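So the sequence shown is numbered by this note's numbering: it starts at 545 and just counts up by one.
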Amino acid sequence: MIVRTWSARATETGADRYRAYFEKTLTHQLRKLPGFVGGYLLSRDDSGLVELTVHTLWASIEAIRAFTGDDLTAAVVEPEALDFLEESESIAVHRTVLVDLHD
């Protein structure tokens, strides 16, 4: 399994709006994709803004490539989501899961 990580920063209101978008729209889109396993949206306070980090879990690098296209490291962020964010990373990072403690 591979974890794809991307992050952004938002105001508190923007973070709330991104969370609603993530839950109502993005989650449903991702679940339709072959090879998508799951994901997390995390947050932390960061100097007056909220850092949002998205971890998506994928069965293979090929599944990620079907999602991203040729550039595996390019962040995939819908224009609608960008409206909620103050800053958005342009790249995503991939890590292979070595140990999974979920049941």
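Using N, Cα and C, we set each Cβ at its ideal position, and we do this for glycine too.
Source: prediction; values computed, not measured.
Compute the Euclidean distance between the alpha carbons of residue i and residue j, then round it to the nearest angstrom.
i      : j      : result
ARG639 : PHE611 : 16 Å
ASP644 : GLY592 : 34 Å
ALA554 : LEU596 : 7 Å
GLU633 : ASP615 : 15 Å
ASP560 : VAL641 : 29 Å
THR557 : GLU630 : 11 Å
VAL621 : HIS646 : 28 Å
MET545 : PRO578 : 13 Å
ALA603 : ARG575 : 13 Å
ASP590 : GLY583 : 22 Å
ALA564 : ILE605 : 28 Å
What does DSSP give as the partner residue(s) for residue i in the beta ladder?
i      : result
VAL598 : TRP550, LEU585
HIS572 : None, per the DSSP bridge assignment.
ALA607 : ALA607 is not bridged to any residue.
Output needed for residue i: all residues of its chain with C-beta closer than 6 Å, excluding positions within five of it in sequence on either side, in chain order.
i      : result
LEU585 : PHE566, VAL598
Buried or exposed: where does residue i fall if 16 or more other Cβ atoms within 10 Å of its Cβ makes it buried?
i      : result
ARG548 : buried
THR600 : buried
Leaving out five residues before and five after residue i in sequence, what residues of the same chain have Cβ atoms less than 8 Å from its Cβ?
i      : result
ALA619 : TRP550, SER632, GLU633, SER634, ILE635, ALA636
ILE608 : ILE546, ARG548, GLY579, TRP602, LEU616, HIS638
PRO623 : none
VAL594 : ARG553, ALA554, THR555, GLU556, GLY558, ALA559, SER587, ARG588
Excluding five sequence neighbours on each side, which residues of the same chain lie with their C-beta closer than 7 Å to the C-beta of residue i?
i      : result
ASP562 : Inspection of the sequence shows that residue 562 is occupied by Tyr rather than by Asp. The answer, listed in chain order, is ALA554, LEU596, ALA625, PHE628, LEU629.
THR617 : ILE635, ALA636
Answer with yes or no whether the minimum CB distance from residue i to chain D is below 7 Å.
i      : result
VAL621 : Here chain D cannot be found, since the structure has a single protein chain.
Is residue i near the ligand FAD, with its Cβ less than 6 Å from a heavy atom?
i      : result
VAL637 : For the ligand FAD, the structure offers nothing, since it holds no ligand at all.
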